[in-house]
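Reviewing the structure listed below.
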Amino acid sequence: MAFQRLGTGQYARSFILDGLRGVGKTVLLNEADVMARKHGWISSGVVECNEDDDLPLLMARLCHRALRRLSAGRRVGGGVARALMHGISQQNAPVLLIGAGLPQLPLMLKNAKPYTERLFDFRTIGGLPRSTAATALAVPAERQGARFTRSALELILDRTQGYPHFLQQWGKTVWREAEGSEITLGNARAAEELVNDELDRRFFRDRYEKATGAERIYMAAMADLGDESHSSAEIAAHMGAAQKDLSVRRAGLIDKGLIYNPVASELDFTVPQFGSYLRRIHRFDPSERPKRGRRRSGVRASTGI
Ligand SMILES: Nc1ncnc2c1ncn2[C@@H]1O[C@H](COP(=O)(O)OP(=O)(O)OP(=O)(O)O)[C@@H](O)[C@H]1O
Ligand SMILES: [Mg+2]
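By the count of this note's numbering, the sequence shown reaches residue 851 at its end, each step adding exactly one.
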């Protein structure tokens, strides 16, 4: 719709998507890129920016790429190129920016620039509603002449909580498990261990390994408190430590994009179901202390405060 509005000369606001890991942000950005091109717009394409990347430099490259495509003479003239150079919103140019990031992104942007709310629409994407998640599983199976039994479907919907990445893993695995044209509860149960194993290896572990020893203990304590969000005071009390002694590791986890503040002073994981992963692989032990790194022997220290 935004592309159509732009096409008729109306103003369309740029927007920012935010959501947990694996919720489909990159898939949506790629889809928007395809749609823009279909509507005849010039697109700079999708780029990923990680913590260590230089965002202004990436943005400059994207603008440059779009300008080069513009000067190749498609659809719009030099006025737009000048507008891009001088500021999109002031010139009301037919330019749209779509960004996506983890749930802390909107707050970071608002803190960085006070009038961000006027520049962007913010939309949060979460897990799919149960009926949509059921459709995402059932329709591709039906196309191949197979159907899920009700109980198999219910089990998968319970386990995935509608998260696209989990639905994808379950769909793929249960499909391999099924022998006939019916996907049964037995198939779903057999798939469960395989799915957990695959998710542990390819989805959760990388994130866990980004954390230092001290940060891992902090996350284990969070997970031990249960799946809802928790205040830093509550986590500190659970660890038997003072909040100020935990501030470095809390900040480290926020910087690494592993935890965020869903509301002020509460903390939660950016990775869906990360709590249950941690309870599986790193049970909280109140007496556990981070191991000291041995810098002298050349091993990188993996500890924090
Ligand atoms: N519309 C969709 N159709 C099919 N699969 C999808 C869809 N959206 C998401 N997925 C599945 O979910 C996975 C994760 O999606 P995606 O990589 O877009 O998540 P993300 O929000 O960008 O995650 P991250 O925060 O880790 O970058 C995809 O690899 C794919 O398996
Ligand atoms: Mg992504």
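We put the beta carbon where it would ideally sit given N, CA and C, even for glycine.
- Excluding the 5 residues flanking it on each side, Glu723 has same chain C-beta neighbours closer than 7 Å at Asn733, Ala736, Ala737, in chain order.
- Segment contact: the stretch 673-683 against the stretch 706-722, three or more CB-CB distances shorter than 8 Å; contact assigned.
- Selection Lys656, Ala687, Tyr806, Ala612 evaluated against Thr719 yields Ala687 as nearest (Cα-Cα).
- The C-beta distance from Leu813 to Ser775 rounds to 6 Å, short enough to fall under 8 Å.
- Counted as a single uninterrupted DSSP element, the stretch harbouring Thr816 is not any beta strand (DSSP E), since DSSP gives it neither H nor E.
- Distances taken from the Cβ of Arg567 to the heavy atoms of ligand 1 include one shorter than 7 Å.
- Taking Arg583 as the centre and dropping the five residues before and after it, the same chain places the C-beta of Ser589 closer than 7 Å to its C-beta, in chain order.
- In this structure, Ala757 sits away from Phe830, with a CB-CB distance that is not shorter than 8 Å.
- The C-beta of Val809 has fewer than 16 other C-beta atoms within 10 Å across all chains shown, which makes the residue exposed.
- By the Cβ neighbour-count rule, Leu601 is exposed, with fewer than 16 other Cβ atoms within 10 Å of its own.
- Inclusion of Ile729 and Arg693 in the CB contact set at 8 Å is warranted, their separation being smaller than that value.
- If you check the CB distance, Gln714 and Glu744 do not come in under 8 Å.
- For a cut-off of 8 Å, the C-beta gap from Glu597 to Gly803 is around 7 Å, short enough to register as a contact.
- In this structure, Val573 has its CB closer than 7 Å to one or more heavy atoms of ligand 1.
- If you compare the alpha carbons of Lys656, Leu665, Arg795, Pro710 with that of Ala682, the shortest gap goes to Pro710.
- By the C-beta criterion, the stretch 567-576 is judged to be in contact with the stretch 643-654, since at least 3 inter-stretch pairs fall below 8 Å.
- Secondary structure note for Ala760: its alpha helix (DSSP H) is the uninterrupted segment 759-770.
- The continuous beta strand (DSSP E) containing Phe668 extends over residues 666-670.
- Secondary structure note for Ile644: its beta strand (DSSP E) is the uninterrupted segment 644-647.
- Per DSSP, Phe561 lies in no alpha helix (DSSP H) segment; the continuous beta strand (DSSP E) that holds it begins and ends at 560-564.
- Note on geometry: alpha-carbon atoms of Phe749 and Gln650 lie some 20 Å from one another.
- C-alpha of Asp599 to C-alpha of Met605: approximately 11 Å in a straight line.
- Non-local beta-carbon contacts of Phe666 in its own chain, meaning distances under 7 Å to residues more than five positions away in sequence, involve Arg559, Ser560, Phe561, Ile562 in chain order.
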